[in-house]
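For the sequence shown, our numbering gives the first residue as 1, with consecutive numbering after it.
Think of the CB as a built atom: it goes at the ideal place given N, C-alpha and C, for glycine as much as any other residue.
Please read these numbers as outputs of a predicted model, since none were measured by experiment.
So the structure is just underneath, and the comments pick up after that.
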Amino acid sequence: MTIEQIIVLAIVQGITEFLPISSSGHLILVPNIMHWPDQGHFTDVMVHLGTLLAILIYFWRDVLRLIVGALELFKGKITDDGKLAIYIVLATIPAIAFGLFLKKFGFEDLERNVAVVAWNTILYGILMLIADMVGPQERSMSNMTLSSALIIGVAQALALIPGTSRSGVTITAGRFLGFTRPEAARFSFLLGIPAMAGAGVLTIGDAIADGETITMDAFYAAILTFFAGLAAIAFLMALIRRMSLLPFVIYRMALGGFLLVLVYS
Numbered sequence: 001m002t003i004e005q006i007i008v009l010a011i012v013q014g015i016t017e018f019l020p021i022s023s024s025g026h027l028i029l030v031p032n033i034m035h036w037p038d039q040g041h042f043t044d045v046m047v048h049l050g051t052l053l054a055i056l057i058y059f060w061r062d063v064l065r066l067i068v069g070a071l072e073l074f075k076g077k078i079t080d081d082g083k084l085a086i087y088i089v090l091a092t093i094p095a096i097a098f099g100l101f102l103k104k105f106g107f108e109d110l111e112r113n114v115a116v117v118a119w120n121t122i123l124y125g126i127l128m129l130i131a132d133m134v135g136p137q138e139r140s141m142s143n144m145t146l147s148s149a150l151i152i153g154v155a156q157a158l159a160l161i162p163g164t165s166r167s168g169v170t171i172t173a174g175r176f177l178g179f180t181r182p183e184a185a186r187f188s189f190l191l192g193i194p195a196m197a198g199a200g201v202l203t204i205g206d207a208i209a210d211g212e213t214i215t216m217d218a219f220y221a222a223i224l225t226f227f228a229g230l231a232a233i234a235f236l237m238a239l240i241r242r243m244s245l246l247p248f249v250i251y252r253m254a255l256g257g258f259l260l261v262l263v264y265s
C-alpha cells in the first residue's frame with residue numbers, strides 16, 4: 001500500500017467505525033473513487049485491533065468495572081457490574097449466531113453489493129431519526145435489563161448486513177428503548193468490545209488461510225486507526241450530550257444517495 005492509502009484507510013476506518021454513519025459505505029466509496037486495490041485481510045485485522053484499543057482506552061473505567069464485576073461472579077457475588085458483564089456477553093450471542101448463518105448460506109460477499117450498502121445506509125438513517133424523535137431520554141445503563149440488552153444485541157446482529165452501521169443501529173435501538181443518547185452510545189461501545197475482538201480473530205483466520213504476509217503497513221494503519229477512533233469516540237460523546245442525532249441522519253442520506261448514483265448511473 002502507498003502511504004496515502006494507509007493514512008486514508010486508517011482515518012476512514014477509525015472515524016466511521018464509531019460514528020453512526022456506516023463504515024462499510026465509506027470503505028466502498030473511498031477505494032472506488034481512488035481506484036485502490038484491496039488492502040488484504042491482515043490489514044483488516046490490524047485496523048480492527050486499532051478500533052478495539054480505542055474503546056478500551058476511552059472507556060477504561062467502565063471496562064475495569066466490568067472485569068471486576070465478572071471476577072466477583074466467580075466468587076459467588078453478584079454486583080450491578082457483574083450483571084452488566086453478563087448482559088453484554090448474552091447480547092453478543094445474536095451477532096455470533098447471525099454471522100454463522102450468513103457464512104453457512106454464502107452471504108459473506110454482501111459488502112461488495114453497493115446497492116445493499118446504499119439502501120441500508122438510508123433505511124437505518126431514517127430509523128435513527130424516528131428513534132431519536134420518539135424515544136424518551138430517561139434511562140441510563142444502571143437501568144439496563146436483560147431484555148433491553150438482548151434487543152440491542154439483536155440490533156447489533158443486523159449490523160452484519162453492510163450499510164447498517166454497528167454503532168448506528170445499536171444507538172438507535174437504545175433510543176427506542178428510552179436510553180439517553182450518551183448512555184445508548186456508551187452501552188453500544190461496550191457491547192462492541194467482544195464483537196470486535198471476535199471479528200478480529202475470524203479475520204486473522206482468513207488472513208492465515210490466504211497465506212498473507214505480515215507487513216509494517218498494517219501496523220502503521222493500526223496506530224493511525226487507534227488515534228482516529230479515539231478522536232471519533234470523544235467527538236461523538238461530546239456532540240450527543242449537546243444535540244440530537246440529526247446531523248448523522250443527514251449525512252447518511254447524502255452518503256446513501258451518492259452510492260445509489262454510483263450504482264444506477
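**OP:** Kindly indicate which residue of Ser24, Ser140, Met34 and Gly25 has the alpha-carbon position closest to the one of Val8.
**Re:** Met34
Original post:
By Cβ distance below 6 Å, which residues in the same chain neighbour Arg241 in space, the five residues on each side in sequence not counted?
Top reply: Pro182
**OP:** Assign Phe179 to one of three DSSP states: helix, strand, or coil.
**Re:** The answer is strand: DSSP assigns Phe179 an E or B state.
Subject >> Cβ neighbours of Ala218 in the same chain (closer than 7 Å, five flanking residues each side left out) >> reply: Counting only Cβ-Cβ distances below 7 Å, and skipping sequence neighbours, we find Phe42, Thr43 and Met46.
Subject >> Neighbour-count burial assignment, Ala95, 16 or more Cβ in a 10 Å radius >> reply: Buried: at least 16 other Cβ atoms inside 10 Å.
Subject >> Arg241 (DSSP reduced to helix, strand or coil) >> reply: coil
Original post:
Which word fits Asn143, buried or exposed, when buried means at least 16 other C-beta atoms lie within 10 angstroms of its C-beta?
Top reply: exposed
Original post:
Can you pull the DSSP bridge partners for Arg139?
Top reply: Phe179
Subject >> Contact under 7 Å by Cβ, Leu175 with Ala209 >> reply: For the record, residue 175 in the displayed sequence is Arg; it is not Leu. Not a contact, by the Cβ cut-off of 7 Å.
Original post:
Straight-line CA distance for Ile250 to Leu52?
Top reply: 27 Å
Original post:
Thinking C-beta only, is Ile57 closer than 7 Å to Phe189?
Top reply: no
Original post:
Using a Cβ-Cβ cut-off of 7 Å (strictly less than) and excluding sequence neighbours within five positions of Ala222, which residues of its own chain qualify?
Top reply: Here the set comprises Met46, Val47, Leu49 and Gly50.
Original post:
Pick from Ala195, Gln5, Gly82 and Phe18: whose alpha carbon is nearest that of Phe227?
Top reply: If we check each option's Cα against that of Phe227, Phe18 comes out closest.
Original post:
So which of Tyr264, Phe107 and Leu127 has the shortest CA-CA distance to Val169?
Top reply: Leu127
Subject >> 8 Å CB neighbourhood of Gly153 in its chain, flanking five on each side removed >> reply: In chain order, Leu90, Ala91, Thr92, Ile93, Pro94, Ala95 and Leu191 place their CB closer than 8 Å to the CB of Gly153, counting only its own chain and leaving out the 5 sequence neighbours on each side.
Original post:
Going by beta carbon distance, what residues of the same chain come within less than 6 Å of Ala149, once the five residues before and after it are set aside?
Top reply: Only Tyr87 and Ala91 meet the Cβ criterion.
Original post:
Shortest alpha-carbon distance to Leu262 belongs to which of Gln13, Asp80 and Leu29?
Top reply: Leu29
**OP:** Determine the direct distance from the alpha carbon of Ala173 to that of Ala184, and round the result to whole angstroms.
**Re:** 8 Å
Original post:
If we call anything under 7 Å between Cβ atoms a contact, is Gly211 one with Gly178?
Top reply: Cβ atoms of Gly211 and Gly178: not closer than 7 Å.
Original post:
What are the complete alpha helix (DSSP H) segments, minimum 4 residues, inside the region 30-91?
Top reply: Restricted to the region 30-91, the alpha helix (DSSP H) segments that are unbroken, complete and at least 4 residues in length are 41-58 and 60-74, listed in chain order.
**OP:** Would you mind giving the Cβ-Cβ distance between Thr121 and Gly25, rounded to the nearest angstrom? I have them listed as a contact below 8 Å.
**Re:** 5 Å
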